[in-house]
Amino acid sequence: MYAIIETGGKQYRVESGSLLQVATLEGDVGSTIELDQVRLVHGDGGVVIGQPLVKGAKVTAEIVRHGRTRSITVFKKKRRKNYRRTRGHRQGFTSLRITGIATA
-6 MYAIIETGGK QYRVESGSLL QVATLEGDVG STIELDQVRL VHGDGGVVIG
44 QPLVKGAKVT AEIVRHGRTR SITVFKKKRR KNYRRTRGHR QGFTSLRITG
94 IATA
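Residue numbers (our numbering): -6 to 97.
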């Protein structure tokens, strides 16, 4: 059984027991959250496609950890103008372990 969920403006294919790295979510490490933005569920009853969401479907997940990704360098330059700017950026993330997929 798998589902397609939406969180942080992105869509992810999840199965029970899988690890997932998403944009930062509220919650403490070890706590359980419910993701109710379910777009599609594939299970024993076949495929259920939402219009745009599947009614009553929920995915439960456990927060494994919070962190930040590797640093990227943002460099801006305008030629012949002596304009150069260098900045770094680290995106925050939350790592989730999917514990269950429930349909209505």
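Glycine residues also receive a C-beta, built at the ideal position from the N, C-alpha and C atoms.
Bear in mind that the values here come from a model prediction, so they are computed numbers and not experimental data.
Going by beta carbon distance, what residues of the same chain come within less than 8 angstroms of residue i, once the five residues before and after it are set aside?
i, result
"residue 0", "15, 16, 18, 28 and 30"
"residue 86", "14, 15, 16, 17, 59, 60, 61 and 62"
Assuming residue i contacts residue j (C-beta within less than 8 angstroms), just tell me the rounded distance between them.
i, j, result
"residue 96", "residue 49", "7 angstroms"
"residue 46", "residue 32", "6 angstroms"
"residue 94", "residue 40", "About 13 angstroms; that fails the 8 angstroms criterion."
Mind checking who residue i pairs with in its DSSP beta bridge?
i, result
"residue 98", "A question about residue 98 goes unanswered here, because the residues of the chain that appear run from -6 up to 97."
"residue 38", "In the DSSP output, where bridge partners are listed per residue, residue 38 has none listed."
"residue 22", "For residue 22, which the question treats as bridged, DSSP gives no partner whatsoever."
"residue 108", "Here the chain covers residues -6 to 97 and nothing more, so residue 108 does not appear."
Give the DSSP-derived three-state secondary structure of residue i in the structure shown.
i, result
"residue 33", "strand"
"residue 96", "coil"
"residue 27", "strand"
"residue 44", "coil"
"residue 72", "coil"
What first and last residue would you give for the beta strand (DSSP E) that runs through residue i?
i, result
"residue 81", "76 to 82"
"residue -4", "-5 to 0"
"residue 6", "3 to 8"
Go through its chain and collect everything with a Cβ distance to residue i's Cβ below 7 angstroms, but skip five positions before and after it.
i, result
"residue 70", "76 and 77"
Closer than 6 angstroms by C-beta to residue i: which residues in its own chain qualify, once you throw out the five before and the five after it? Chain order, please.
i, result
"residue 55", "25, 90 and 92"
"residue 79", "68"
"residue 8", "-5"
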